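Mind the numbering: the sequence shown is residues 138 to 406 in the numbering used here, read in order.
We put the beta carbon where it would ideally sit given N, CA and C, even for glycine.
Since this is a predicted model, take the numbers as computed values, not measurements.
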Amino acid sequence: MGELISDWRAHAASSELAKLVEKLRPSELDAWLDSAVPRLPETVRINPCRTDVDWTVAQIKEMGGVQIQWYTGKGGAFQLPWDRGRDAPNLEFRNHIKNLHDTGRITRQEAASMMPVQALDVKPGHRVLDMCAAPGSKATQIAELLDGQGLVVANEPNPGRANNLVSNSKRSGHLSMVIVREDGRNFPRVAEPGFDRVLVDAPCTGTGTTRKNPDVWSRWKPQNGEHMARLQTAILSRGALLLRPGGRMVYSTCSIDPQENEQVVENVL
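Spelled out as structure tokens, the structure:
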């Protein structure tokens, strides 16, 4: 395993993506490689809307789950002692995690993916728009925070991905979620004053996903972010028009490229 990580690190250090990091943060390349090469751990979010939450938490802890301290959602979130995308250490754990997810008691979701909704500060009674919602981990997280009071409009234009969104909605059992298919750049106007919260977790090049998508190391090129930035700016601009005065909008990507992040925000502002 040590040799495998060492080989991946050498491959990563010679990539175009590493050159971007070296340009942006010359003194931080080694520290970034330390974080960007190892595989992600398996992490899960507890569905607090179920009546057997305590039982579910106990099951996760029995499998070695450790609570993620910064996560403030009502049900809590846990890190398990094996890598994401790889099998649990035994068949019993593997089947148990799958069953807990399939029955809506937990959602298998990487920890970083939980952060945008936490920053959104959703309260019961809010009307929330998730503009790029599939496969639905963030939309279901929003629904959990609404606690049956309010509405989340989960939007996904791609029909295949929208099917995944519907499946996750039904699996989790949330009745406060409405699923629509619109191009985010042209999302229809809504009644005044607009949405209380808008989440734009935008399509991106995925340069921040190397721990689960190692092909990014060889696939990414400097020009990739230019096209995505135009799409991201258009979606975010539309989201701003749909937000009520005094509301909150959160923009997030899985990219480290400033073209897709700081530049997009600057353009919209």
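For residue i and residue j, I'd like the C-alpha separation in whole angstroms.
{"i": "residue 299", "j": "residue 369", "result": "19 Å"}
{"i": "residue 409", "j": "residue 149", "result": "Within the shown structure, residues of the chain are numbered from 138 to 406, placing residue 409 beyond reach of any answer."}
{"i": "residue 334", "j": "residue 144", "result": "44 Å"}
{"i": "residue 248", "j": "residue 365", "result": "24 Å"}
{"i": "residue 297", "j": "residue 319", "result": "13 Å"}
{"i": "residue 196", "j": "residue 321", "result": "39 Å"}
{"i": "residue 340", "j": "residue 294", "result": "12 Å"}
{"i": "residue 167", "j": "residue 354", "result": "15 Å"}
{"i": "residue 284", "j": "residue 175", "result": "36 Å"}
{"i": "residue 387", "j": "residue 261", "result": "18 Å"}
{"i": "residue 358", "j": "residue 287", "result": "42 Å"}
{"i": "residue 306", "j": "residue 277", "result": "7 Å"}
{"i": "residue 211", "j": "residue 259", "result": "12 Å"}
{"i": "residue 378", "j": "residue 208", "result": "30 Å"}
{"i": "residue 164", "j": "residue 229", "result": "45 Å"}
{"i": "residue 245", "j": "residue 159", "result": "33 Å"}
{"i": "residue 201", "j": "residue 239", "result": "20 Å"}
{"i": "residue 301", "j": "residue 171", "result": "33 Å"}
{"i": "residue 155", "j": "residue 218", "result": "29 Å"}
{"i": "residue 282", "j": "residue 255", "result": "9 Å"}
{"i": "residue 162", "j": "residue 153", "result": "14 Å"}
{"i": "residue 356", "j": "residue 169", "result": "19 Å"}
Looking only at its chain, what residues have a beta carbon closer than 7 Å to the beta carbon of residue i, apart from the 5 residues adjacent to it on each side?
{"i": "residue 404", "result": "370"}
{"i": "residue 203", "result": "215 and 216"}
{"i": "residue 253", "result": "275, 336, 338, 387 and 389"}
{"i": "residue 173", "result": "149, 347 and 348"}
{"i": "residue 151", "result": "none"}
{"i": "residue 400", "result": "366"}
For residue i, which of the options has the nearest alpha-carbon?
{"i": "residue 221", "options": "351, 402, 341 and 290", "result": "351"}
{"i": "residue 215", "options": "251, 232 and 401", "result": "251"}
{"i": "residue 179", "options": "226, 212, 190 and 207", "result": "226"}
{"i": "residue 84", "options": "317, 273, 285 and 281", "result": "The chain is shown from 138 up to 406; residue 84 falls before or after that span and cannot be answered."}
{"i": "residue 269", "options": "261, 349, 190 and 292", "result": "292"}
{"i": "residue 263", "options": "314, 362 and 169", "result": "314"}
{"i": "residue 381", "options": "236, 297 and 328", "result": "328"}
{"i": "residue 385", "options": "294, 177, 266 and 187", "result": "266"}
{"i": "residue 373", "options": "169, 359, 336 and 360", "result": "336"}
{"i": "residue 342", "options": "258, 332 and 360", "result": "360"}
{"i": "residue 398", "options": "155, 232 and 367", "result": "367"}
{"i": "residue 375", "options": "158, 325, 344 and 400", "result": "325"}
{"i": "residue 213", "options": "173, 190 and 402", "result": "190"}
{"i": "residue 157", "options": "316, 401, 406 and 396", "result": "396"}
{"i": "residue 383", "options": "301, 402, 331 and 170", "result": "331"}
{"i": "residue 271", "options": "316, 169 and 406", "result": "316"}
Ignore the nearest five residues each way along the sequence and tell me which others in residue i's own chain have a CB closer than 8 Å to its CB.
{"i": "residue 147", "result": "none"}
{"i": "residue 198", "result": "215"}
{"i": "residue 243", "result": "181, 182, 183, 184, 193, 197, 234 and 237"}
{"i": "residue 241", "result": "184, 187, 308, 309 and 310"}
{"i": "residue 392", "result": "341, 342, 343, 344, 345, 362, 365 and 398"}
{"i": "residue 323", "result": "375"}
{"i": "residue 402", "result": "373 and 388"}
Just to check my reading of the structure: residue i and residue j have Cβ atoms closer than 8 Å, yes? What is that Cβ distance to the nearest angstrom?
{"i": "residue 183", "j": "residue 194", "result": "6 Å"}
Within its chain, find whatever has a CB closer than 6 Å to the CB of residue i; leave out the 5 residues flanking it on each side and keep chain order.
{"i": "residue 280", "result": "289, 311, 313 and 314"}
{"i": "residue 177", "result": "221, 247, 348 and 349"}
{"i": "residue 394", "result": "344 and 362"}
{"i": "residue 257", "result": "334, 336 and 387"}
Closer than 7 Å: is that where the CB of residue i sits relative to any heavy atom of the ligand NAD?
{"i": "residue 331", "result": "No copy of the ligand NAD appears in this structure; indeed no ligand is present at all."}
List in chain order: all unbroken alpha helix (DSSP H) runs of 4+ residues lying wholly within the stretch 184 to 246.
190 to 199 and 228 to 239
Suppose only complete runs of 4+ residues qualify. What are the alpha helix (DSSP H) ranges in the stretch 324 to 359, listed by chain order?
353 to 356
Segments of 3+ residues assigned as beta strand (DSSP E) that fall wholly inside the stretch 366 to 400:
380 to 389
Fully enclosed by the stretch 285 to 320, which beta strand (DSSP E) runs are 3 residues long or longer?
288 to 292 and 314 to 317
Quick one: complete alpha helix (DSSP H) runs, 4+ long, within the stretch 141 to 188?
153 to 161 and 166 to 173
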